[in-house]
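Below: the structure, in structure tokens.
Number of protein chains: 2
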Amino acid sequence: MSGLARFSLNQETIKQWSLPELARGCEGAGVPGVGLWRTPVQEYGVERAARLVRDAGLAVTSLCRGGFLTAIDPATRAVALDDNRAAVDEAATLGTDTLVLVSGGLPDGSRDLPGARERIADALGELAPYAAERGVRLAIEPLHPMYASDRCVVSTLAQALDLAERFPPDRVGVVVDTYHVWWDDTVAAQIERAGRGGRIAAFQLADWITPLPEGVLLGRGRLGDGCVDLRWFRERVDAAGYDGPVEVEIFNPGLWARDGAEVLAEVTGRYCLHVL
Amino acid sequence: MSGLARFSLNQETIKQWSLPELARGCEGAGVPGVGLWRTPVQEYGVERAARLVRDAGLAVTSLCRGGFLTAIDPATRAVALDDNRAAVDEAATLGTDTLVLVSGGLPDGSRDLPGARERIADALGELAPYAAERGVRLAIEPLHPMYASDRCVVSTLAQALDLAERFPPDRVGVVVDTYHVWWDDTVAAQIERAGRGGRIAAFQLADWITPLPEGVLLGRGRLGDGCVDLRWFRERVDAAGYDGPVEVEIFNPGLWARDGAEVLAEVTGRYCLHVL
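In order, the protein sequences belong to chains A and B. At position 170 of the first sequence (counting the first as 1) the number is 170 in my numbering, and the numbers step up by one without a gap. Plus 276 on top of the position in the second sequence (first one is 1) and you've got my numbering.
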């Protein structure tokens, strides 16, 4: 079995590539899977993108992303639910069973974290049956606490599991992304809990480096450049019974400025070195 | 009792003020306490600073800061311990019983968070008796997880308490700083735990605003500008039995560019509005 058997390239890592470049590049490099994002897929055409990756022999390991489910205003909430149903449809068309959810931050002027988390649970209750009918599982991604106010009030794996466990495991799972959870001293126990319940829907990798850039969105480190013990995490999710894709998702303008094929070769090399 | 009876101004909030300006400004505004920082105190002279604030009738509610106790190299570790003993001496001279500790990040090239946390515990074991002899309690401050790699591997109140509880409560306590712990869904329970054990050594306030600036150090929000329910926190620490100072500590260049007296008036006004 190739060292890349479980490897998946999240499209944002090499976002300078068009979808055809991505499909060709991955096929040529022996990469078996890709994680896709809605906007480039929509721009290219969902059916057409599905055909493209299928023809290249690529599995779509996840679609990023649904979520943003914390609105209080009923009209805004209805729009968000509609958009999430559309994301489920796109995931089904692409042939992936995993829709990643970034749950949403605090609405403007609100300071009510528990209320926001409860509205996410309500929305999951509406969306999960719709997704299940289409063979798609909702994957709650806890984001680093530095995003708690504006992107995601679900900040730890424990919180994500508290939400997911209100639903059957084949309907709602969680994402383990090293960038978001590496600092948490309860993470080993929570990975075990997630594995035991069959809740690990996706495993994503990026390294943590400082200083963080303004806005803290685009400062993820290349595998091995930072302080995350990536192999330790891979061993933990494996030990928890997860045998699915290992997706590398790095948002870093330094990578986007380079030749895509060169970046992919570097990413896969570092993956073998630091993760396997 | 004045609304400012428990109010304390952390010196960094108005760092454009010299120590004499701080003493005069606080005395004039009816502010009963100040939190001081080692560098400006050392520059002014520790004994002289102690006299200055005493003559102005000000209590020194805390000294920031000791810590940085995670070094592996024995020589670096010895220097850090010496420096912390000096910080204890300075705290004693200033007449405060609270030395705030920022525990330190991962040493260069290390990915071992549990190891770093264990070295902090070892260092506390060496420092706590020295501090106790001088009437000073070590106050472990959990810092927001975005500082976990480079400043403080103690990221939650639960972790801080796990460390503190290895020692008697009059020797090692914790700091509850809203900026660092506001996002944590376990924080109410941990504040209760801290109060029950007599561990709350300091309570500090700043609000959380976004976008975060590059380096994420100087983006704290003025009270009321962000998404932290400050009054909820004050009520929680009160209910946990804490009746000590409430220290406002905001690192924000926008405040530093303004007239100090004007900033202090604004800070105390917002304190009454959003905290009491």
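All C-beta atoms, glycine included, are put in the ideal place defined by N, C-alpha and C.
Query: What three-state label does DSSP hand L439/B in the structure shown?; Result: helix
Query: Would DSSP call W256/A helix, strand or coil?; Result: helix
Query: Given this structure, state the Cα-to-Cα distance separating M277/B from N286/B, to the nearest angstrom.; Result: The predicted position of M277/B is uncertain, since its pLDDT is 49 and thus under 50; a value taken from the coordinates is nonetheless stated next. For M277/B and N286/B, the distance between alpha carbons rounds to 21 Å.
Query: Go through its chain and collect everything with a Cβ distance to G495/B's Cβ below 6 Å, but skip five positions before and after it.; Result: L488 and P489
Query: Could you spell out where the beta strand (DSSP E) holding R24/A opens and where it closes?; Result: Here R24/A belongs to no beta strand (DSSP E); instead the alpha helix (DSSP H) covers L19 to A29.
Query: Which residues does DSSP list as the beta-bridge partners of G221/A?; Result: D207/A
Query: Who are the Cβ neighbours of R117/A in its own chain at under 6 Å, not counting the five residues just before and after it?; Result: V153
Query: Under 8 Å, do V174/A and A189/A count as touching if we go by C-beta distance?; Result: no
Query: In chain order, what residues of the same chain have a beta carbon less than 8 Å from the beta carbon of D112/A, not counting five sequence neighbours either side?; Result: L106
Query: Just checking: is the beta-carbon of T76/A within a distance shorter than 8 Å of some beta-carbon in chain B?; Result: no
Query: So for C503/B, helix, strand or coil by DSSP?; Result: coil
Query: Quickly, what does DSSP pair N10/A with across the bridge? List them, please.; Result: G35/A
Query: Which chain D residues are close to H144/A, counting only those with a beta carbon under 9 Å from its beta carbon?; Result: Within the model displayed, chain D is absent; protein chains A and B are what it includes.
Query: Under 7 Å, CB to CB, which of the residues in the stretch 181 to 210 of chain A have a partner in chain B?; Result: W183, D185, W208 and T210
Query: Is G545/B near V513/B, with beta carbons less than 8 Å apart?; Result: no
Query: Please list the partners that E214/A has in chain B, where partner means a Cβ-to-Cβ separation under 8 Å.; Result: P487, L488, P489 and E490
Query: Taking W208/A as the reference, which of D185/A, D170/A, I250/A and G135/A has the closest Cα?; Result: I250/A
Query: Using a Cβ-Cβ cut-off of 8 Å, state whether C152/A counts as contacting chain B.; Result: no
Query: How is A335/B classed by DSSP in three states: helix, strand or coil?; Result: strand
Query: How many angstroms separate the CA atom of G504/B from the CA atom of L334/B?; Result: According to the sequence provided, residue 504/B is Val. The question's Gly does not apply to it. Cα to Cα, V504/B sits roughly 28 Å from L334/B.
Query: Kindly list the residues whose CB is nearer than 8 Å to the CB of N500/B, restricted to its own chain and excluding five residues on each side of it in sequence; keep chain order.; Result: For the record, residue 500/B in the displayed sequence is Gly; it is not Asn. Here the set comprises D483, L506, R546, L549 and H550.
Query: Determine whether the beta carbon atoms of G104/A and T70/A lie at a separation below 8 Å.; Result: yes
Query: Can you give me the C-alpha to C-alpha distance between D398/B and P444/B, rounded to a whole angstrom?; Result: 15 Å
Query: Determine, for C227/A, whether the minimum Cβ-Cβ distance to residues of chain B falls below 8 Å.; Result: yes
Query: At a CB distance below 8 Å, what residues from the stretch 382 to 396 of chain B approach chain A? Give them in sequence order.; Result: L382, S386, R387, D388, L389, P390 and R393
Query: Helix, strand or coil for I250/A per DSSP?; Result: coil
Query: Touch check for the stretch 42 to 53 of chain A and the stretch 85 to 98 of chain A: three-plus C-beta pairs under 8 Å?; Result: yes
Query: Please work out which residues of its chain come closer than 7 Å, Cβ to Cβ, to A164/A, disregarding the five sequence neighbours upstream and downstream, and give them in chain order.; Result: I140, V172, G173, V174 and R199
Query: Based on the DSSP secondary-structure assignment, which residues constitute the bridge partners of D177/A?; Result: Q204/A
Query: Return the CA-CA distance between S338/B and G520/B, expressed in angstroms with no decimal places.; Result: 11 Å
Query: Could you spell out the range, first to last residue, of the alpha helix (DSSP H) harbouring L370/B?; Result: P350 to L370
Query: Whole angstroms is fine: what's the gap from A257/A's alpha carbon to S8/A's?; Result: 21 Å
Query: Within 10 angstroms of its Cβ, does A351/B collect 16 or more other Cβ (buried), or is it exposed?; Result: exposed
Query: Got a sec: is the Cβ-Cβ distance from S103/A to anything in chain B below 8 Å?; Result: no
Query: In terms of residues, what are the limits of the beta strand (DSSP E) holding L138/A?; Result: R137 to I140
Query: Is it true that the CB of W293/B sits closer than 8 Å to the CB of G536/B?; Result: yes
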